[in-house]
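*Asks:* First, the structure itself, so that you have it in front of you.
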Amino acid sequence: MEIKNNYFIAEIGLNHNGNLEICKKMFRDAKSSGCSAVKLQSLDWNSTTIEKNLNVFVSLSKNKNINLKSYLKEIILSPNDHKILRSYAKKIKIDLISTPFNIKYVNLISDLKFNKIKIASQDINNYALITEAAKTKLPLIISTGMSSLKEIINAVELIEKYNNSKITILHCVSKYPTSPKELNLNRISTLKSIFQNHIIGFSDHTLDADAAIIARTIGASTFEKHFTFDKKAEGFDHSISLNSLEMKNYTQKINFASKSLGVYDYSNILDKSSRINMRRSIVTKRDIKKGEKATWLNLDYKRPYGGIDPSSAEKIVGRKFNKSLKKDQLIKFTDFQ
Numbered sequence: 164m165e166i167k168n169n170y171f172i173a174e175i176g177l178n179h180n181g182n183l184e185i186c187k188k189m190f191r192d193a194k195s196s197g198c199s200a201v202k203l204q205s206l207d208w209n210s211t212t213i214e215k216n217l218n219v220f221v222s223l224s225k226n227k228n229i230n231l232k233s234y235l236k237e238i239i240l241s242p243n244d245h246k247i248l249r250s251y252a253k254k255i256k257i258d259l260i261s262t263p264f265n266i267k268y269v270n271l272i273s274d275l276k277f278n279k280i281k282i283a284s285q286d287i288n289n290y291a292l293i294t295e296a297a298k299t300k301l302p303l304i305i306s307t308g309m310s311s312l313k314e315i316i317n318a319v320e321l322i323e324k325y326n327n328s329k330i331t332i333l334h335c336v337s338k339y340p341t342s343p344k345e346l347n348l349n350r351i352s353t354l355k356s357i358f359q360n361h362i363i364g365f366s367d368h369t370l371d372a373d374a375a376i377i378a379r380t381i382g383a384s385t386f387e388k389h390f391t392f393d394k395k396a397e398g399f400d401h402s403i404s405l406n407s408l409e410m411k412n413y414t415q416k417i418n419f420a421s422k423s424l425g426v427y428d429y430s431n432i433l434d435k436s437s438r439i440n441m442r443r444s445i446v447t448k449r450d451i452k453k454g455e456k457a458t459w460l461n462l463d464y465k466r467p468y469g470g471i472d473p474s475s476a477e478k479i480v481g482r483k484f485n486k487s488l489k490k491d492q493l494i495k496f497t498d499f500q
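Residue numbers (my numbering): 164 to 500.
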């Protein structure tokens with residue numbers, strides 16, 4: 164699939180810390196940083212883990228432990244919050260995506276007409292969830308962390324079964340942060356060769372833009388990156404996320420790489436002005452008398468460009484001049500008998 168424009172997703176997740184005003188500001192900051200979309204997580208406090216395993220204390224900072232169940236209840240977005248944020252995203256003209264962690268939120272996202280639905284890596288084998296998401300006919304994004312190729316193929320085929328062909332597949336390694344030796348970016352090429360009718364991207368869990376630039380050269384065109392309003396804020400993902408200035412730098416670097424790649428063919432000379440300024444023509448190496456033959460010894464090759472091309476020297480060697488010429492004079496085909 165031809166890449167026309169890069170698509171940048173600022174992964175807010177739960178980094179809004181349950182504060183709608185902070186979340187709205189993050190939407191604005193993401194847009195001004197060059198992002199195409201912002202992404203939320205849509206869940207209930209008990210959507211992913213059984214209750215007894217949530218009734219534990221976790222460390223959010225060096226000096227503070229908090230009950231995980233209470234914390235989740237505090238920061239998750241309500242259905243009405245989703246409605247407010249959907250309206251705000253439309254207002255400032257940025258795409259809004261969310262990752263639903265149960266079918267209830269698939270339906271909510273669909274009803275509110277979010278731009279896309281993201282299937283988290285952990286749910287690539289959650290066929291009930293994927294089926295409901297596919298039925299919405301909204302464009303779907305699949306993250307592939309922890310996945311085998313067979314699992315990815317199965318998920319894509321399941322979505323296509325419901326006549327939903329608007330699929331983006333993100334190469335992903337679910338480690339935070341991901342080290343270079345774990346990235347295996349060549350898998351992007353594998354995904355592009357197998358899923359030729361779908362968009363291939365990169366869910367980037369590294370700490371800078373280097374891996375994403377490489378991913379772009381391989382053919383990724385959608386980039387998802389964790390985003391925060393404050394890298395020192397309390398929460399799970401703030402420290403590994405980009406702030407607005409870092410995100411702007413991130414999008415600019417990848418866009419620069421994209422522009423630099425350019426085209427594959429040589430149908431047009433890219434540097435025609437340099438060609439005119441720097442190429443040579445065939446000139447006389449010394450004064451030439453009328454009737455004298457052109458030889459390899461009395462020809463030279465100098466600027467300016469615009470006379471006989473040096474590659475055509477064999478066409479004039481041995482021919483007689485029909486006029487006298489001065490040294491360093493550009494030779495023309497009309498100068499011969």
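For every residue, glycine included, the Cβ atom is placed at its ideal position computed from N, Cα and C.
#1: With 16 other CB atoms within 10 Å as the buried threshold, where does residue 283 fall?
#2: Applying the 10 Å Cβ sphere with the 16-neighbour rule, what's the burial state of residue 221?
#3: Assign residue 262 to one of three DSSP states: helix, strand, or coil.
#4: Given a threshold of 16 other Cβ atoms within 10 Å of its Cβ, counted over all protein chains shown, does residue 263 qualify as buried or as exposed?
#5: In angstroms, rounded to a whole number, what distance separates the CA positions of residue 544 and residue 496?
#6: For residue 219, count neighbouring Cβ atoms within 10 angstroms of its own Cβ and tell me buried if that reaches 16, exposed if not.
#7: Under 8 Å: do the region 374-383 and the region 410-429 share three or more Cβ pairs, one atom per stretch?
#8: With DSSP run on the structure shown, which of helix, strand or coil describes residue 228?
#9: To which residues of the same chain is residue 470 closer than 8 Å at the C-beta, ignoring the five residues directly before and after it?
#10: Bridge partners for residue 334 per DSSP, in chain order?
#11: Could you give the distance in angstroms between the alpha-carbon of residue 400 and the alpha-carbon of residue 223?
#12: Under the DSSP definition of a beta bridge, which residues are partnered with residue 392?
#13: Write down every uninterrupted run of the beta strand (DSSP E) in the region 175-224 whose length is 3 residues or greater and which is fully enclosed by it, in chain order.
#14: Classify residue 387 as buried or exposed, calling it buried when 16 or more other Cβ atoms lie within 10 Å of its own Cβ.
#15: Where does residue 281 land, buried or exposed, given buried means 16+ other C-beta within 10 angstroms?
*Replies:* In terms of the structure at hand:
#1: Buried.
#2: Burial state of residue 221 is exposed, judged by a 10 Å Cβ sphere holding fewer than 16 other Cβ atoms.
#3: In the three-state reduction of the DSSP assignment, residue 262 falls in the strand class, which pools E and B.
#4: Taking all protein chains in view, the Cβ of residue 263 is crowded by 16 or more other Cβ atoms within 10 Å, so the residue is classified as buried.
#5: The structure shown does not extend to residue 544, since the chain is modelled only from 164 through 500, so no value can be given for it.
#6: Residue environment: residue 219 is assigned as exposed (fewer than 16 neighbouring CB atoms within 10 Å of its CB, all protein chains considered).
#7: Three or more Cβ pairs drawn from the region 374-383 and the region 410-429 lie within less than 8 Å of each other, which places the two stretches in contact.
#8: Reduced to three states, the DSSP call for residue 228 is strand.
#9: Correct list, in chain order: 444, 445, 446, 493, 494, 495.
#10: Answer is 365, bridged to residue 334.
#11: Answer to the nearest angstrom: the Cα atoms are 10 Å apart.
#12: The partner list for residue 392 (beta bridge, DSSP) is empty, contrary to what the question assumes.
#13: Taking only runs of at least 3 residues, the beta strand (DSSP E) segments lying wholly in the region 175-224 are 200-205, 220-224.
#14: Burial of residue 387 is indicated by the presence of at least 16 other C-beta atoms within 10 angstroms of its C-beta.
#15: Under this definition residue 281 is a buried residue.
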